[in-house]
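Every letter in the sequence shown is one number past the one before it in our numbering, and letter 12, counting from 1, is 12. Backbone N, C-alpha and C fix where the C-beta goes; we use that ideal spot for every residue, glycine too.
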Amino acid sequence: MAAVLLTSAPAATAAPATAGYGTCSVVRTIALRSWVAGPDGRYHPVTVRKPYAISVAFPVIRFRPPAY
Numbered sequence: 001m002a003a004v005l006l007t008s009a010p011a012a013t014a015a016p017a018t019a020g021y022g023t024c025s026v027v028r029t030i031a032l033r034s035w036v037a038g039p040d041g042r043y044h045p046v047t048v049r050k051p052y053a054i055s056v057a058f059p060v061i062r063f064r065p066p067a068y
């Protein structure tokens, strides 16, 4: 079982976009169910949460106004 949850982690530090490109940063937390051995020798279910930051660069298209 895996769930993607929105989190309030700080924004990722990315290099500024070059001219003509913009960036979008997304921070998500992946929650995974797992098992861990306890002190009594039995396994117990646990939830492991790992934050991930993804930055995407995309071209910014600007149209010139028509010349009349």
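Here the alpha carbon of I54 sits roughly 22 Å from the alpha carbon of T47. For A31, the uninterrupted beta strand (DSSP E) run begins and ends at 21 to 37, by DSSP. Between the alpha carbons of R49 and G38 lies a gap of roughly 19 Å.
Per the C-alpha coordinates, the member of P51, Y21, R62, P65 positioned closest to I30 is P51.
When secondary structure is reduced to three states using DSSP, A67 falls in the coil class, being assigned neither helix nor strand. Each of G41, R64, V60 was checked against the Cα of C24, and the nearest Cα belongs to V60. A straight line joining the alpha-carbon of V27 with that of P45 spans about 26 Å.
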